[in-house]
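Just below is one structure, and these are the notes that go with it.
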Amino acid sequence: MKALLACFVALGVLFAAPAMAQIWTEQPDAGDLPGTAQVPVGGGPLTTINGTFGASDADMYCIRIDAPTSFRASTCGGTTVDTQIFLFREDGTGVAHNDDDPGGCGFQSTVTGAFVAAPGQYLLAVSVYNRDPVGPAGCLIWANSPFGTERAPDGACPASPIATWTGTTSTTGAYSITMTSVSYCGATAVEPTTWGSIKNIYK
């Protein structure tokens with residue numbers, strides 16, 4: 001009987017554990033500003049975000065960076081579109097940007113924790129080249145070049161929070177962002193399993 005009860009306890013813990021889904025798929029279209037950014041919901045690490053570009057599109061997601069020293073977000077191998085990746089703080093001010101991956105994967109993009117000061121929630125945005133974030137005064141937060149390097153804000157308005165995007169493109173297509181040291185901004189609520197709840201089920 002003790003062995004049977006132990007089995008029930010183990011099963012209860014298993015079923016009560018949060019789903020360890022590691023992939024988030026854009027649903028429906030992610031917004032492009034802090035107030036409309038999509039918030040992936042789940043438990044455990046978040047390793048991949050899949051989405052689709054419309055014409056003149058930029059998509060923004062809330063992510064939690066767990067360890068800046070090992071953080072990485074990249075579209076390398078995840079799309080044929082010429083991408084750009086931007087990392088913002090929750091208040092919309094810029095942290096890091098890359099256009100063409102410094103490692104040589106082509107026109108795809110990679111950002112790391114090189115400019116991330118501390119763990120926490122950030123906003124990760126991806127766009128088709130040359131759709132760029134601008135501040136309230138309409139000036140660029142990041143300069144257009146150099147392309148093949150990761151950069152802190154270096155445009156005409158480097159300290160400004162993002163207000164909108166500039167630049168039009170007819171390019172569309174799917175993308176996949178692979179990430180390390182990232183977890184979900186939104187957590188799935190799970191009812192805890194207790195010994196009393198197990199006894200009530202199997203009494």
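Heads up: the sequence shown begins at 1 in our numbering, then just goes up one per residue.
We put the CB at the ideal spot given by N, CA and C, even for glycine.
These numbers were taken from a predicted model, which means no experiment stands behind them.
A125 and R89 have their alpha carbons spaced roughly 11 Å apart. In the three-state reduction of the DSSP assignment, T69 falls in the helix class.
The beta carbons of D57 and S127 sit about 7 Å from each other, so the pair counts as a contact at 8 Å.
Within the DSSP bridge table, the entry for F53 names G173 as partners. Secondary structure note for W24: its beta strand (DSSP E) is the uninterrupted segment 23-25.
Closest option to I141, judged by alpha-carbon separation, among H97, G54, P68: H97.
Straight across, the Cα-Cα distance linking L123 with G103 is about 23 Å. If you ignore the 5 residues before and after G54, its C-beta comes within less than 8 Å of the C-beta of D29, T172, all in its own chain and listed in chain order. Going by beta carbons, G42 and T178 fall outside the 8 Å limit. Remark: C-beta atoms of Y184 and L87 do not approach each other more closely than 8 Å. The three-state reading of DSSP puts W142 in coil, since its state is none of H, G, I, E or B.
With a cutoff of 8 Å on beta-carbon distance, R72 and T110 are scored as near each other. Per DSSP, reduced to three states, the secondary structure at D59 is strand.
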